[in-house]
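The structure appears below as structure tokens.
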Amino acid sequence: MFETVLIANRGEIALRVARTCRELGLRVAAVYSTEDRDSTVVRFADQAVCIGPGPARHSYLYLPAIMEAARQTGADAIHPGYGFLSEQADFAEACEAEGLTFVGPPPAVIDRLGDKSTARAAMADAGLPLLPGTIEPVGDAEAVAKVAADIGYPVIVKAVAGGGGRGMQVVSEPDDLARQYREIRSTAQSLFGDDRVYVERYLPAARHVEVQVLCDSHGNGVHLGQRDCSVQRRRQKIIEESPAPGLPRGLVEQMGHAAVRGLLAAGYVGAGTVEFLVDDQHRFYFMEVNCRIQVEHPVTELTHGVDLVREQLRIAAGEQLDVSQAELTARGWAIECRINAEDPARGFIPTPGLLTGLTLPAGPFVRVDTAAVAGGRISAAYDPLLAKICVWAPDRPQAIARMRRALAELSVEGPGVSTNRDFLLTALDHPLFVAGTHDTSLVDRLTDPHPREES
Amino acid sequence: MFETVLIANRGEIALRVARTCRELGLRVAAVYSTEDRDSTVVRFADQAVCIGPGPARHSYLYLPAIMEAARQTGADAIHPGYGFLSEQADFAEACEAEGLTFVGPPPAVIDRLGDKSTARAAMADAGLPLLPGTIEPVGDAEAVAKVAADIGYPVIVKAVAGGGGRGMQVVSEPDDLARQYREIRSTAQSLFGDDRVYVERYLPAARHVEVQVLCDSHGNGVHLGQRDCSVQRRRQKIIEESPAPGLPRGLVEQMGHAAVRGLLAAGYVGAGTVEFLVDDQHRFYFMEVNCRIQVEHPVTELTHGVDLVREQLRIAAGEQLDVSQAELTARGWAIECRINAEDPARGFIPTPGLLTGLTLPAGPFVRVDTAAVAGGRISAAYDPLLAKICVWAPDRPQAIARMRRALAELSVEGPGVSTNRDFLLTALDHPLFVAGTHDTSLVDRLTDPHPREES
Amino acid sequence: MTSLIEPAQTEGAAPLAEALDEVRRSAQSLLADLAHRPRALRIRAGDVVVEMEWTEQQQAPAATPAPAPAPEAPDTPPAPPPGVGISSPIVGTFYRAAEPGGTPFVSEGDQVRRGQQVGIVEAMKLMIPVEADADGRILAVHTADGAPVEFGERLMTIDPQAG
Amino acid sequence: MTSLIEPAQTEGAAPLAEALDEVRRSAQSLLADLAHRPRALRIRAGDVVVEMEWTEQQQAPAATPAPAPAPEAPDTPPAPPPGVGISSPIVGTFYRAAEPGGTPFVSEGDQVRRGQQVGIVEAMKLMIPVEADADGRILAVHTADGAPVEFGERLMTIDPQAG
């Protein structure tokens, strides 16, 4: 095992990784921007290095500064958390070049799976079902029109380099296609420096179901069940749960095995997630692979009793998985709600600022992951995630009741700071969510000023 | 199910019960003394009634005030928590007389099991093993001397009405017996208004292992494994864990079945605990029954995934147990540390006062039950329990590492306020605790200025 | 306070952070408990010294420490009328008269003597007399006959000057 | 900072910087919790002394009881010597000369012009020049040749009056 782990991240995930490092007896080195000078992980860490000013591109995304911090702290491993440099093959490569262990998959795997086009090809080869569409990027408007006509409208045009809900566009009408194709290419170019796009069928009412996988460096892989992440605003998840409600047992196992097969075939090592869309006929389609620990990993930890960050570190240290698929049994139900400092009434705009008061939920079967403290601030420089509130219960109705109780305990005060707490409560209350039959259109139903007639 | 539950308690347990009531959709009525006017449960509750001044005998122990509060709030059930009136048969009777459901066993059962003499007789009848000693109270010094000579020294003289570590005395030398017998009777008279005592063999190096039981009003009973509570200072538990380390599987099942058999035979209804001593030969002896939810119940909740307060309420409402013994499987390991506002260096004297700062542990697999908040006070009028910190992990070494991490995150500040946090860390570090071979003498070893040579 | 984490090692380990913490905390508690803040403060502990000074103007307002709780009578509802309150001795039901429909013990404007019975609170069949705490005139009766009352709730107000 | 409880790891690091850090943090904590900022503050711990004074004008806004963070220049280390600081543009290794054993770009007492190179910070083989922010005289060089520096760490202080 390592001696010192540098955590190349901030906020709740930096603290969460630090906690597991501490439990494993590893020295914790934190990095921070000037904006995060007084942050919780800086206080928690054994050592902390200032790596740059607030804007992430000059600090958390600035590779030379991170690598220098690793050198100065004598780190022998770097945990990238999620976001920032976590899925940058360059970063993983730089670690390798410096003799540091990158806690994540090998650079070549990140490269292949981060590109949606090669990822789709790899997963198709491994026998995973794909939505009708193109595997290779589509080179011109004419070709796109032909593909779209073949697979049928609506279609979705996606940037090969996209992710996190950015760089994609649904096209419902053939007449709009040429213009929207040009737009998404231009957006993709400016966002990712890569204007390649592909096309696939768009499922307006699908569920977003993902499978958590662990692969060690000895060729072993296991899955830890599903997470349903269908409650999304602007394609950003806000409520996640495990298991996925209402899926037939056979489907669950089929998807789990497919995910493990796909990642092992791709040479994956570490914790990874395979995202699928599941349609109303319970057919599933590969969507993408996330080569990192995910924001919503706690729900899997709660149902499976596994510390996923510990497994990441063990795998990165070359150890074998110490649990078999048969031993990995889920118990009960877990739900996560992401508390964002944002205003749902004003299009979910972030509301950063000073937190003059903060009361977090606690008690039986409630877990809160946050780096926020009363007297601290939610910085405008980063994403507005304030806390992740997770609950566990023996079944889904009890878990929902517990989450309602937990959310009611939350109190956030600060000038100009609001949260999506009440919006989350509304979503939890929606008959479709309560029935577990909701899909990715749920938030639109809640925010649409003209609610549809259909149930 | 009920509509309104009055919680006849304060502090962390009142809040803990309130949380489950909220999750069950029940209205929460709290009571408070003037000392607790600004307490967390008062803010949490749907309604709160001031029942008297600070001293418990004029408020939390004052039956007419509690009953009036129940009437005023329209409560149809009363949850007594632990301590205070929770094991007073009079209170359970008064509830019955007023048509209120007392969340606990029937008054006659509390009466029989609260008296150690009749409890020992009942459990002996049900076939539970007892330590050599008397079942009937011993009436005079001569009889005591004869019994003690028969069973061999050291012996322990215990008040029939004792509990919570009070009203008992170990006697090692025959010459001391007559004096100590008189002393304990006089103490018992002043503490409990009942000077009856009995005698049994004293095990200086036994382990304190207890079994959590649930019995419904339909004659069904199940156990939820053991808790080891051997880390005690002055017979007050400070570290509890589940399961009990190092017990053979056969013994675990034997004790579980014995506990259920004993409580069902006694007509028990509700959540109860049967306490045993286990000697170094792995023989177990019935000690006493606790007719209430216990402080350390969270470790059982964490290993078994059961909300014990929910089960208490369901059982009190006449519902059947909805889990069978076969379905109740333990997972992993849980440890609780009781954080007291006290000074271990000064004989564990309480250090109540204003909390100017309070940072509680959080994150993966950590649960904190507390009613303390920054800016609040630890009142000198009640026991100094500040927080219960619980952790879960797949195995005991990981649970200990996690507890060390969690305790390190705790920060309590306030003029004159100290805690036993460092003392707990020292106990967790002791080789005997780490090995899981410690017994009730562990704290003495840590506080004894002349440590023994033996390991 | 991380220094406290490893109690076994505190003896020889770097005591600076701890000493500073201690001195700072000592200064804070000292200041928090002072009704009137001094012009200057100096704390020294071994190598560690903390000194502070305040200007004249700031001393006056400093007399009210920042998060001051309810200024007076924390046991009564906010903004009680001036005068002396008579509080309920127990949680229960308040009665103004000895029996249903009877004449009230007292009414507004009545003169009362200290110790005179002015009402009853019933709790679980116990009839607990409410007595005036002072000589004076009943300024107000705040609670209706038969109403539920909590412990410490103000039932009446007496003007002791008027006695 | 937990680093202080593990004396084994402090070996190479400058203990003075650490002590300064502790003193600064202690002062910040102390100030953050004060409703009214004092006119002067002095903290001394062993060799380390922190003294602070506020002018009359600064005291007025300080009367707002909100949790005030570090009084000024929160991004620079505490109580810097008077003058203008030159901060590290990146985390890395500080060099005073263009090559090992070479003549330092500047020494204490030297006159410098705004924009003049006064050092180098190396980060992952990138050689990033450090330049003077103002005309003036080098009052102090705070960082040794070859020492690790963080982003924003003060490397030198210039007296601009002396320019």
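Chains as they are written, first to last, in full-length UniProt numbering: chain A, 1 to 455; chain B, 1 to 455; chain C, 1 to 163; chain D, 1 to 163.
Idealized CB from N, CA, C, for every residue including glycine.
Exercise. How about residue 395(B) and residue 332(B): do their beta carbons lie closer than 8 Å?
Worked result: yes
Problem set entry | Neighbour list for residue 93(B) in chain C, Cβ cutoff strictly below 8 Å | Per Cβ cutoff of 8 Å: no residues; residue 93(B) is ~13 Å from chain C at best.
Exercise. For residue 373(B), which residues of its own chain have a beta-carbon under 8 Å away from its beta-carbon, when the five flanking residues on both sides are left out?
Worked result: 40, 355 and 358
Exercise. If you run the structure through DSSP and keep just helix, strand and coil, what is residue 343(A)?
Worked result: strand
For this session: Under 6 Å Cβ to Cβ from residue 237(B), same chain only, skipping five residues before and after it: list those, please.
Result: 229
For this session: Pull up the CB-CB distance for residue 64(A) and residue 123(D), whole angstroms please, since I reckon it's below 8 Å.
Result: 4 Å
Problem set entry | Members of the stretch 116-129 of chain D near chain A, C-beta cut-off 7 Å | 123, 124 and 126
Exercise. The stretch 63-89 of chain B: which residues have C-beta closer than 7 Å to a C-beta of chain C, in chain order?
Worked result: 64, 65, 67, 68, 69 and 72
Problem set entry | Heavy atom of the ligand NAD within 7 Å of residue 113(A) beta-carbon | In terms of ligand content, the structure shown is empty, and the ligand NAD therefore cannot be addressed.
Problem set entry | Assigned exposure category for residue 282(A) - 16 Cβ within 10 Å defines buried | exposed
Exercise. For residue 32(B), which beta-bridge partners are listed by DSSP?
Worked result: 50(B)
Exercise. Does any residue of chain D bring its CB to less than 8 Å from the CB of residue 229(A)?
Worked result: no
For this session: Tell me whether residue 137(A) is buried or exposed, calling it buried when 16 or more other Cβ atoms sit within 10 Å of its Cβ.
Result: buried
Exercise. Of all the CB atoms in chain B, is at least one closer than 8 Å to the CB of residue 368(A)?
Worked result: yes
For this session: Starting from the beta carbon of residue 22(A), find every residue of chain B whose beta carbon is closer than 7 Å, and list them in chain order.
Result: 405
For this session: Under 7 Å Cβ to Cβ from residue 103(D), same chain only, skipping five residues before and after it: list those, please.
Result: 97
Exercise. If we count Cβ pairs, one from each stretch, closer than 8 Å, do we get three or more for the stretch 7-25 of chain B versus the stretch 342-352 of chain B?
Worked result: no
Exercise. Residue 125(C): buried (16+ other C-beta within 10 angstroms of its C-beta) or exposed?
Worked result: exposed
Exercise. Apart from the five residues just before and just after residue 124(B), which ones in its own chain have a Cβ nearer than 7 Å to its Cβ?
Worked result: 130 and 135
For this session: Please check if any C-beta of chain A sits within less than 8 Å of the C-beta of residue 151(D).
Result: yes
Exercise. Would the beta-carbon of residue 49(A) fall within 8 Å of that of residue 153(D)?
Worked result: no
Exercise. With burial defined as no fewer than 16 other Cβ atoms inside 10 Å of the residue's Cβ, what is the status of residue 368(B): buried or exposed?
Worked result: buried
Problem set entry | N- and C-terminal bounds of the beta strand (DSSP E) containing residue 159(C) | 154-159
Problem set entry | Contacting residues, own chain, Cβ-Cβ under 7 Å from residue 156(C) (five flanking each side not counted) | 86, 118, 138, 140, 141 and 142
For this session: Can you tell me which of 25(B), 12(B), 308(B) and 416(B) puts its alpha carbon nearest to the alpha carbon of residue 408(A)?
Result: 25(B)
Exercise. What residues in its chain sit with their C-beta under 7 Å from that of residue 112(B), if we drop five residues either side in the sequence?
Worked result: 118, 119, 122 and 266
For this session: Using a Cβ-Cβ cut-off of less than 8 Å, give me the residues of the stretch 230-244 of chain B that come near chain C, in sequence order.
Result: none
Exercise. Taking Cβ to Cβ, would you say residue 180(B) is nearer than 8 Å to residue 189(B)?
Worked result: no
Exercise. When burial is assigned at 16 or more other CB atoms within 10 Å of the CB, is residue 34(A) buried or exposed?
Worked result: buried
Exercise. Bridge partners of residue 324(B), per DSSP?
Worked result: Answer is none; residue 324(B) lacks a bridge partner.
Exercise. How about residue 55(B): is its C-beta nearer than 8 Å to some C-beta of chain A?
Worked result: no
Exercise. If you check the beta carbons only, do residue 211(A) and residue 273(A) fall under 8 Å apart?
Worked result: yes
Exercise. Assuming residue 160(B) and residue 199(B) make a contact with CB atoms under 8 Å, what is their CB distance in whole Å?
Worked result: At roughly 11 Å, the Cβ-Cβ gap does not stay under 8 Å, so residue 160(B) and residue 199(B) are not in contact.
Exercise. Hey, would you say residue 410(B) sits closer than 8 Å to residue 421(B), going by beta carbons?
Worked result: yes
Exercise. Of the residues that make up the stretch 35-49 of chain B, which ones have a beta carbon closer than 7 Å to any beta carbon in chain A?
Worked result: none
Exercise. What's the call for residue 218(B), buried or exposed, on a 16-neighbour Cβ count within 10 Å?
Worked result: exposed
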